[in-house]
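Residue numbers (the working numbering): -8 to 121. By construction, the Cβ of each residue, glycine as well, lies at the ideal position given by its N, Cα and C atoms. Notes for the one structure printed next.
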């Protein structure tokens, strides 16, 4: 994590905690093994110490989609790429995987299309709460 990113995360959240909470409800114990909501918020905001997260098998694509959608709601847009790269590192996902799997379209499976809809609804709900 860059020094600027570390200093910024100490001062403010990068992503609204309400958005994180609604996304956590969709993803917890689905994309990754059980994690407390507060730990997910800390992780998404890169708060030290950053909690460990253990992803579920074969969920890299959906995690990439979640990261991409959350990255659209980072308060300081200049930190978006740094945030994406740091979160990918925490999930142990390479940038090349992210670049190929961060989107879901009409050719995706029905389950992935439903997941995308759930993530978008969660973010919308978080924006309404925040």
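Residue i vs residue j beta-carbon contact at 9 Å
i: residue 5; j: residue 36; result: yes
i: residue 58; j: residue 78; result: yes
i: residue 26; j: residue 113; result: no
Cα-Cα separation between residue i and residue j, rounded to whole angstroms
i: residue 28; j: residue 62; result: 18 Å
i: residue 107; j: residue 56; result: 8 Å
i: residue 119; j: residue 7; result: 11 Å
i: residue 0; j: residue 109; result: Summary for residue 0: the model assigns pLDDT 49, below 50, so the residue's position carries little reliability, and this model does not support an answer.
i: residue 18; j: residue 87; result: 22 Å
i: residue 39; j: residue 82; result: 16 Å
i: residue 90; j: residue 116; result: 27 Å
Cβ-Cβ separation, residue j to residue i (assumed contact under 8 Å), whole Å
i: residue 46; j: residue 22; result: 6 Å
i: residue 41; j: residue 84; result: With 8 Å as the limit, residue 41 and residue 84 do not qualify as a contact, their Cβ atoms being about 15 Å apart.
Per DSSP, cross-strand counterpart(s) of residue i
i: residue 68; result: In DSSP, residue 68 forms no bridge with anything.
Pairs of beta-carbons, one from the stretch 7 to 15 and one from the stretch 68 to 83, closer than 8 Å: are there three or more? In short, these stretches do not touch, since the Cβ pair count stays below three.
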